[in-house]
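All remarks here apply to the structure that follows.
In the working numbering, the protein residues as written are 287 to 453.
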């Protein structure tokens, strides 16, 4: 008979914070004009069809110049303001479904960090910022992913793009 086995592994990730002189709204507007949104239904349908070329073409189209797209976003700030916390906050899941293959090929645990999560926030009276877990720091703790070159590539490309947006 099968039973459950629960293990706990300490997990520590390097957080990258990019401060900006731009406002929360300016950052969000730039992010959403830089990255197109993936349509969940289209991704599902293309996956169901099993046509890898069509799926790759869709990912390339959405990714455009940056090659990355937004899978999901959530506005957390509006809820926090209702609770009396003076903050704007929006988090995003972004990435590239084709590039992610270079993670999932090594471990299904890649799904813990792919797509990559980042947050844009601003407390009233403070500078806006973008926070992101450094991909190589996050994925580097999953032993099976040690052989993948993708985490370092994501560090350079994602942090570079977000820094440019914040500048």
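A virtual CB, placed ideally from N, CA and C, is assigned to each residue, including glycine.
For the pair residue 314 and residue 367, the CB atoms are not nearer than the 9 Å cut-off.
Between residue 381 and residue 440, the C-beta gap is smaller than 9 Å, which places the two residues in contact.
Residue nearest to residue 345 within the set 431, 363, 395, 324 is 324 (criterion: CA-CA distance). Distances from the alpha-carbon of residue 352 to those of 289, 364, 318 put 318 closest. The shortest CA-to-CA distance from residue 400 to any of 421, 308, 370 is the one to 421. Annotation: residue 425 to residue 303 spans about 18 Å, alpha carbon to alpha carbon. Beta bridge pairing from DSSP links residue 321 with no other residue.
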